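Residue numbers (the working numbering), protein chains in the order written: chain X, 16 to 329; chain P, 20 to 182.
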């Protein structure tokens with residue numbers, strides 16, 4: 016694709032107006048808006064497709080590909096609402112464009128959502144962390160995205176907005192295929208919303224790569240568990256990544272955990288359920304069989320880490 | 020294609036340039052502003068040769084559009100040390116022979132400066148993780164890490180001396 020224009024809307028409303036103008040294909044209109052940044056916009060016509068950009072670590076690389084399709088880059092980093100992170104009594108409301116380095120340094124977030132912070136901390140190098148965002152990771156919709164299983168494990172919801180209004184979609188339903196998601200033309204992901212976990216409820220995320228740093232998951236697992244005062248698991252969510260076209264929420268794995276003390280047999284059963292739910296491919300990172308075995312191990316280990324954290328939070 | 024007019028600050032100096040919307044900050048620095056200290060390695064955010072800071076945050080210039088520099092403060096290798104006096108980090112890289120071909124060196128020095136601003140006393144492991152996005156195909160990294168840790172110790176001693 017070829018970037019022929021750039022626009023940096025200053026508010027969600029301005030971004031929606033811009034997207035609505037572009038998705039109305041009838042007239043060859045300029046995408047220029049009345050904002051102070053409109054000087055930075057030109058040449059966008061009805062044949063130009065809008066591409067939303069947060070950190071740009073995927074998008075800018077894609078623009079260097081062979082395709083010459085003209086695109087208007089809509090930079091979502093000038094919208095204060097999409098760059099903030101609010102952790103309160105009800106939970107976390109995350110601006111999807113905030114970079115991972117800033118997110119993982121937010122006060123309190125690591126205590127409440129340690130697994131999500133682990134996942135965000137695994138994306139690329141220090142340099143990439145300074146640009147890449149959780150919202151971008153989600154909207155890029157790679158099967159191997161690290162934050163997606165972690166978001167599913169904590170029950171994150173996507174607040175999507177367009178000229179028609181707002182809707183909320185669970186992260187496990189947001190991604191629809193390899194590189195595809197449920198965002199329609201004119202829509203954008205405005206916030207990521209996560210309930211605050213109760214005492215006795217915590218998460219963990221693990222991925223396997225053949226190196227110690229800077230690689231793409233062969234498999235990943237996000238787990239959250241809730242323990243009561245007696246140490247019985249009352250709720251669990253198990254999500255797996257890089258072993259199917261999309262990250263999967265595995266209800267059977269959670270069912271194997273609920274009602275138990277998360278003993279070895281229950282945790283092993285959850286791992287086996289995750290392996291059974293996986294439908295991995297064989298590629299240069301690993302064979303399908305290998306991925307199935309690895310994902311079971313990751314689910315077991317992530318469950319044990321989440322269990323320790325949940326106990327500590329009681 | 021109309022070029023866009025961008026006003027920014029580079030190494031503390033107000034700078035204006037014209038750039039096409041598809042140009043990366045790396046393209047602008049090297050091709051338009053003749054700031055060729057920032058190197059192009061992979062062009063895909065994997066090697067760190069083009070490490071710069073944007074509003075103080077370390078990133079790869081190849082992952083930033085030139086137009087995004089509008090109103091930001093960009094820091095490049097040209098802002099580290101001066102032609103008369105090298106920075107402590109640069110001196111330590113020379114002292115420890117932490118470079119061979121030199122292509123990765125500007126990026127490593129910019130990244131090391133970012134590391135030491137954030138963490139003046141990194142362990143070897145912390146330094147290695149922080150700098151994992153700066154690839155070097157010559158040195159095997161040991162001399163680089165020695166230079167980084169020595170620079171950190173020297174800067175801490177200077178800091179204590181000043182206090």
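The beta carbon of each residue, even a glycine, is placed where N, CA and C say it ideally should be. Please read all numbers here as calculations on a predicted model, not as lab measurements.
Inter-residue Cα distance where the pair is residue 220 (chain X) and residue 86 (chain X):
As a first step, residue 220 (chain X) must be located in the first chain, where it is residue number 205. As a first step, residue 86 (chain X) must be located in the first chain, where it is residue number 71. If you take the alpha carbons of residue 220 (chain X) and residue 86 (chain X), they lie about 35 Å apart.
Of the listed residues X:179, X:142, X:265 and X:95, nearest to residue 83 (chain P) (C-alpha basis)
As a position in the second chain, residue 83 (chain P) is number 64, starting the count at 1. Considering only alpha carbons, the answer is X:142.
Rounded to the nearest angstrom, what separates residue 96 (chain X) and residue 284 (chain X) at their Cα positions?
Position 81 of the first chain, counting from 1, holds the residue named residue 96 (chain X). Position 269 of the first chain, counting from 1, holds the residue named residue 284 (chain X). Going by the C-alpha atoms only, they are around 42 Å apart.
For the region 129-149 of chain X, list every residue whose C-beta sits within 8 Å of some C-beta in chain P, in sequence order.
139, 140, 141, 142, 143, 145 and 146
When the distance is taken between beta carbons, is residue 169 (chain X) closer than 8 Å to residue 78 (chain X)?
Here residue 78 (chain X) refers to the residue found at position 63 of the first chain. Here residue 169 (chain X) refers to the residue found at position 154 of the first chain. Against a cut-off of 8 Å, the Cβ pair of residue 169 (chain X) and residue 78 (chain X) comes out as no contact.
Which whole-angstrom value is the C-beta distance of residue 303 (chain X) and residue 288 (chain X), which I expect to be below 8 Å?
In the first chain, counting from the first residue as 1, residue 303 (chain X) sits at position 288. In the first chain, counting from the first residue as 1, residue 288 (chain X) sits at position 273. Not quite, the Cβ-Cβ distance comes to about 17 Å (not below 8 Å), so this is no contact.
Within its chain, find whatever has a CB closer than 7 Å to the CB of residue 68 (chain P); leave out the 5 residues flanking it on each side and keep chain order.
Residue 68 (chain P) sits at position 49 when you count from the first residue of the second chain. Excluding positions up to five away in sequence, the list reads 58, 59, 60, 122, 123 and 126.
Give me, in chain order, the residues of the same chain whose beta-carbon lies closer than 6 Å to that of residue 106 (chain P); leave out the 5 immediate sequence neighbours on both sides.
The residue you call residue 106 (chain P) lines up with position 87 of the second chain. Excluding residues within five positions, the ones whose Cβ falls inside 6 Å are 99 and 100.
Which bits of chain P does residue 62 (chain X) rub up against, with CB to CB less than 7 Å?
If you number the first chain from 1, residue 62 (chain X) lands on position 47. Correct list: empty, because the minimum Cβ distance to chain P is about 15 Å.
From the DSSP output, in three-state form, read off residue 229 (chain X) for me.
Looking up residue 229 (chain X) in the first chain gives position 214. It is coil, neither helix nor strand.
Would you mind giving the Cβ-Cβ distance between residue 215 (chain X) and residue 329 (chain X), rounded to the nearest angstrom? I have them listed as a contact below 8 Å.
In the first chain, the residue the question calls residue 215 (chain X) occupies position 200. In the first chain, the residue the question calls residue 329 (chain X) occupies position 314. That belief holds up - the Cβ atoms of residue 215 (chain X) and residue 329 (chain X) are roughly 5 Å apart, short of 8 Å.
Cβ contact (3+ pairs, closer than 8 Å) linking the region 233-248 of chain X and the region 305-320 of chain X:
yes
First and last residue of the alpha helix (DSSP H) that includes residue 319 (chain X)?
In the first chain, residue 319 (chain X) corresponds to position 304, counting from 1. Element bounds for residue 319 (chain X): 303-328.
List the whole-angstrom C-beta distance separating residue 186 (chain X) from residue 202 (chain X), where the pair is believed to meet the contact cut-off of C-beta under 8 Å.
Position 171 of the first chain holds residue 186 (chain X). Position 187 of the first chain holds residue 202 (chain X). Not really, about 15 Å apart at Cβ, beyond 8 Å.
List, in chain order, every chain P residue whose beta-carbon is nearer than 7 Å to that of residue 229 (chain X).
Locating residue 229 (chain X) in the first chain gives position 214, where the first residue counts as 1. 151 and 152, listed in chain order.
To the nearest angstrom, report how far apart residue 111 (chain P) and residue 133 (chain X) are at their CA atoms.
As a first step, residue 111 (chain P) must be located in the second chain, where it is residue number 92. As a first step, residue 133 (chain X) must be located in the first chain, where it is residue number 118. Computed Cα separation, rounded: 33 Å.
Using alpha carbons as the reference points, say which of P:78, P:27 and P:171 lies closest to residue 89 (chain P).
The sequence position of residue 89 (chain P) within the second chain is 70, counting from 1. Cα-wise, what sits closest to residue 89 (chain P) is P:27.
Curious, which full-length alpha helix (DSSP H) runs of at least 4 residues does the region 45-116 of chain P contain?
107-114
Have a look at X:260, X:153, X:240 and X:259 and flag the residue whose alpha-carbon is nearest the alpha-carbon of residue 276 (chain X).
Taking the first residue of the first chain as 1, we reach residue 276 (chain X) at position 261. Selected option, being the one with the closest Cα: X:240.
If we require 3 or more residues per run, which beta strand (DSSP E) segments fall completely within the region 153-218 of chain X?
172-177, 180-185, 190-192 and 203-210
In chain order, each beta strand (DSSP E) run of at least 3 residues that lies wholly inside the region 227-282 of chain X
234-242 and 248-256
Pick out whichever of X:323, X:123 and X:226 has its Cα sitting closest to the Cα of residue 248 (chain X).
If you number the first chain from 1, residue 248 (chain X) lands on position 233. Of the candidates X:323, X:123 and X:226, the one whose C-alpha sits nearest the C-alpha of residue 248 (chain X) is X:323.
Spatial neighbours of residue 152 (chain X) in its chain, beta-carbon cut-off 6 Å, leaving aside the 5 residues before and after
Reading the first chain from its first residue, position 137 is the one you call residue 152 (chain X). If we look at residue 152 (chain X) and ignore the five residues flanking it on each side, its Cβ neighbours are 160 and 162.
Interface flag, residue 40 (chain P) vs chain X, CB-CB below 8 Å:
Your numbering for residue 40 (chain P) matches position 21 in the second chain. Closer than 8 Å: yes.
With distance defined between alpha-carbon atoms, name the residue in P:136, P:86 and P:79 nearest to residue 64 (chain P).
Along the second chain, one-based indexing puts residue 64 (chain P) at 45. When each option's Cα is compared against that of residue 64 (chain P), the closest is P:79.
Tell me the rounded alpha-carbon separation between residue 21 (chain X) and residue 74 (chain P).
In the first chain, the residue the question calls residue 21 (chain X) occupies position 6. In the second chain, the residue the question calls residue 74 (chain P) occupies position 55. If I take the Cα positions, the gap works out to 20 Å.
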